[in-house]
Structure formats: structure tokens, C-alpha cells
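Numbering (the UniProt record's numbering), first residue to last: 1 to 289.
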């Protein structure tokens, strides 16, 4: 639409159709500009990881769902917004937010590995992984969002928002536009998931009315973090001592920069019982009484 698609997808109608319709990113061979073929070992590896993450999600889900997804106690205001600064810096709230962030990573990796495996089996092509272990391997906020977290959405925002805006405006304007678009997209997701059906109010899903604005606030905060990173010339906005820490600890510092507002993003999914629906796909332990 904006002339921002990879040049490789224009080489044939078949590849273009697959590129547009696929839920995953096709990998292209840089030597030939052709869609890379998936090997048996690659597909088998994705299937093994899919099963591994199914079990890992089952274990983690069994634990966190036993506490109604607040393993360290309920802290946030009832309306999902920040009623006082104490909600931002409360250690229990930060711990809850981190536990949900890890749940998101596990679930997205689980479904991502499955989608890549299925896509490769059906098409014979190689597809890019959805997640690159962002919680434990990110070097900065921009690295987290640009190179690690949900790369399918990242690439779509990059082609559909960032690059078109960047043609006319600065990098910061394009970056903020991408985060705002992501926030609006996630607000729309809430409206779709929790579309109210007043004739079926026996179940919480048709009756639950999410408070909007949390997703936009969360992504706006992350836009601020990336802006501060850009403003310092690409230098990490974390303290200098972080450079001496192990990589996973540096990554945790990056994640914790975003956590103060994470609960305003995740609250509708928890209160609306969306996470409970994942039980059908996972081997979990449930307390009977």
C-alpha cells in the first residue's frame, strides 16, 4: 500500500499472496531474494519447541491461575488506572506485572512456534520466529520492542506506520506514531473480545465492559522510554553500572522500566477471564476444592 513491502514479495503473485495472507513473516534468502525453503530439521525443531512450551505454559499457568493471576496479591485500583503514585512503585504490583509479562511471553512463544511449524508444513517455506526471548535478552527498550517482542506485529507496524510516517517526519515522530497505532490497535482488540451481548449475561464474557485507555497509556509510556533512549544518542537510559551486569539482569532492568504501567494494560484481560480460555490448550493442574 505504501511501497514499504520487501522487494522480494513482488517477484511472484504466489509469494505476494502468501506474504499478505500469512500470520507469520516469510524468511527470504539474501543471496537469491527467493523465499527460503524450510528443512525437515527446522520444522521438527519448531514442533519440539511447541510441545516444550505447551508443558512449560501448563506448569506456569497452573501456578499463576491458582492466584487469579495476582500471585503477589491484588494492589491496583479497581478501575484499572493509577489512583496514586504508590501503585507505580509498589513492589508487589511490579512483581505481579512481571509475572503477567512472563505469561504473555510464554503464551506468545507457544502459539508462535506452533504457527511457524504449521505454516512451514503447509507451504514448505521458512518463517521468522515470533518471539526472541525478550524478557531475558533485551539490551534496551528499542531492542525489546524492535528486535525481540512479537516480531510479526512489529514488522506490520514498521511497514504500515513507521516507514510511511518516516518519509515525511523525524524518527521520533515515526516511532511515537507506531506506539500510538499499537495502543489503538490493542484498544480495538478489547472491543472485539468483549463485545457485549446483553441477552447472554449468564457468562462473564458477554457482560464484562472493559475500561478503555489502558493499552494506549501503556504504549505511550513505552514511547517515552524509547524517546529517552534516542535522546541520549542510543546510549542505554539505565544506570552505568548495568553494563557490568550479566545480560539477563540487564534485560530485567529494561523490562522493569515498562512494568509500572503494565497493569493498566493487562487488567481487562484478567478481569474479563480471557486467560481462563487458554486452559483448553494447556495441560494444567486445577484445584478441585
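Even glycine gets a Cβ: it sits at the ideal position worked out from N, Cα and C.
Small disclaimer: the values here were computed from a predicted structure and weren't measured.
- Put simply, the backbone Cα of residue 128 is about 15 angstroms away from that of residue 34.
- Per the C-alpha coordinates, the member of 212, 175 and 12 positioned closest to residue 224 is 175.
- Taking C-beta atoms under 8 angstroms as the contact rule, residue 142 and residue 255 fail to qualify, at a distance of about 14 angstroms.
- Within the same chain, and ignoring the five residues on either side of residue 155 in sequence, the residues whose Cβ sits closer than 7 angstroms to its Cβ are 25.
- By the C-beta criterion, the stretch 152-167 is judged not to be in contact with the stretch 43-61, since fewer than 3 inter-stretch pairs fall below 8 angstroms.
- Distances from the alpha-carbon of residue 257 to those of 23, 101 and 75 put 101 closest.
- In the structure shown, residue 127 falls within a strand segment according to DSSP collapsed to helix, strand and coil.
- Beta-bridge pairing by DSSP links residue 118 to no other residue.
- By alpha-carbon distance to residue 285, the top candidate from 29, 62, 162 and 184 is 62.
- Taking a contact to require three or more Cβ pairs closer than 8 angstroms, the stretch 7-16 and the stretch 104-113 do not qualify as touching.
- Here residue 284 carries a coil assignment [DSSP, helix/strand/coil].
- Secondary structure at residue 28: strand, using DSSP grouped into helix, strand and coil.
- Cβ contact annotation for residue 179 (same chain, cutoff 7 angstroms, sequence separation greater than five): 219, 220, 222 and 223, in chain order.
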